[in-house]
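**Q**
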């Protein structure tokens, strides 16, 4: 049968508010990071990436912040919409090789 | 954008049988393909990395004789779960990359249920 997994941390936000999802990464040598969105029963979907020579990168409605000093990554979603409800994973890698995924955060958007 | 497909999307098999899962890059050449496994409410765990024409590199703890990976062309990689058991039931996801420090494009995943 299927294994019982860890309970995912959940972030609940009101529709229209901004969301901030945090991620602590493990390897100080990691130099490339990606945020993925995964809807139930589907594969991960690329949202935004950032390299270690940057501390901020903006996309459409999303911003990724990188703090290498404390090995912390965050994803900010502006004006959160119901379609943003999903599990969000950060992934770290060294030169794009062997991505290691974080545990994930479930984002629930409340009407 | 780059599209990666997987087939089948869901497979139910009996314990002891083998199952093959295909991963295809539809509009680009994937020099590297990755296979992940994801249990419910858990993150993706990398199983192996395969480069076209080379043997796959398996992560620690992944049995290479049980999870056979073939990357025979720049657009196709296959994962065969041999002698499947119920504990192999999981969501298997592949991703493909054109190489270098580039983005990985993920397939939709294959749900394997072993009865």
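Protein chains in written order, with the numbering used here: chain A, 1 to 111; chain B, 1 to 115.
The beta-carbon is built from N, C-alpha and C at its ideal position, and this holds for glycine as well.
With H, G and I counted as helix, E and B as strand and the rest as coil, what does DSSP make of residue 87 (chain B)?
**A** Here residue 87 (chain B) sits in helix by DSSP.
**Q** Report yes or no: is there a C-beta of chain B within less than 9 angstroms of the C-beta of residue 64 (chain A)?
**A** With 9 angstroms as the cut-off, residue 64 (chain A) does not count as an interface residue toward chain B.
**Q** When you compare the CB of residue 98 (chain A) with every CB in chain B, is at least one pair closer than 9 angstroms?
**A** It does; some Cβ of chain B falls within 9 angstroms.
**Q** DSSP state of residue 49 (chain A), grouped into three classes?
**A** Residue 49 (chain A) falls in the strand class under three-state DSSP.
**Q** What number of angstroms, rounded off, separates the C-alpha of residue 55 (chain B) from the C-alpha of residue 61 (chain B)?
**A** Cα to Cα, residue 55 (chain B) sits roughly 17 angstroms from residue 61 (chain B).
**Q** What's the gap between the Cα of residue 66 (chain B) and the Cα of residue 77 (chain B)?
**A** If I take the Cα positions, the gap works out to 16 angstroms.
**Q** For residue 32 (chain A), which of A:42, A:15, A:66 has the nearest alpha-carbon?
**A** That would be A:66, whose Cα lies nearest to the Cα of residue 32 (chain A).
**Q** Please compile the residues from chain B whose C-beta is within a distance smaller than 7 angstroms of the C-beta of residue 8 (chain A).
**A** Here the neighbours are 41.
**Q** In chain B, which residues lie less than 8 angstroms from residue 33 (chain A) when you measure between Cβ atoms?
**A** The premise fails here: residue 33 (chain A) is roughly 11 angstroms from chain B at the closest Cβ pair, so nothing lies under 8 angstroms.
**Q** Does the beta-carbon of residue 73 (chain B) have 16 or more other beta-carbons within 10 angstroms, so that it is buried, or is it exposed?
**A** Under this definition residue 73 (chain B) is an exposed residue.
**Q** What beta strand (DSSP E) runs, 3 residues minimum, are completely inside the stretch 24-71 of chain A?
**A** Qualifying beta strand (DSSP E) stretches, in chain order: 32-38, 45-51, 56-58, 62-67.
**Q** Taking the alpha-carbon positions, what's the residue 107 (chain B) to residue 88 (chain B) distance?
**A** Cα-Cα distance, rounded: 19 angstroms.
**Q** Look at the alpha carbon of residue 87 (chain A) and the alpha carbon of residue 57 (chain B), and state the distance between them as a whole number of angstroms.
**A** Each residue's alpha carbon lies about 28 angstroms from the other.
**Q** Buried or exposed: where does residue 124 (chain B) fall if 16 or more other Cβ atoms within 10 Å of its Cβ makes it buried?
**A** The displayed coordinates of chain B run from 1 to 115. Any statement about residue 124 (chain B) would go beyond what the structure contains.
**Q** Is residue 24 (chain A) closer than 9 angstroms to residue 102 (chain A) when the C-beta atoms are compared?
**A** A contact, by the Cβ cut-off of 9 angstroms.
**Q** Using 8 angstroms as the Cβ pair cut-off and three pairs as the minimum, do the stretch 18-34 of chain B and the stretch 78-97 of chain B touch?
**A** Taking 8 angstroms as the limit for Cβ pairs, the verdict is that the stretch 78-97 of chain B does touch the stretch 18-34 of chain B.
**Q** Relative to the C-alpha of residue 42 (chain A), which candidate in B:105, B:115, B:114 has its C-alpha closest?
**A** Taking only the C-alpha atoms, the option nearest residue 42 (chain A) is B:105.
**Q** Using a Cβ cut-off of 9 angstroms, which residues of the stretch 90-111 of chain B contact any Cβ in chain A, in chain order?
**A** Correct list: 90, 91, 93, 94, 95, 97, 99, 100, 101, 102, 103, 104, 105, 106, 107, 108, 109, 111.
**Q** Give the straight-line distance between the Cα atoms of residue 14 (chain A) and residue 91 (chain B), rounded to the nearest whole angstrom.
**A** When rounded, the distance between both Cα atoms is 31 angstroms.
**Q** Using a Cβ-Cβ cut-off of 7 angstroms (strictly less than) and excluding sequence neighbours within five positions of residue 59 (chain B), which residues of its own chain qualify?
**A** Hits under 7 angstroms: 46, 47, 48.
**Q** Just how far apart, CA to CA, sit residue 19 (chain A) and residue 41 (chain B)?
**A** Using only the alpha carbons, I get a separation of about 21 angstroms.
**Q** On the criterion of 16 or more Cβ atoms from any shown chain inside 10 Å, does residue 92 (chain A) qualify as buried, or is it exposed?
**A** It counts as buried.
**Q** Between residue 80 (chain A) and residue 114 (chain B), what straight-line distance do the alpha-carbon atoms span, to the nearest angstrom?
**A** In a straight line, the C-alpha of residue 80 (chain A) is about 38 angstroms away from that of residue 114 (chain B).
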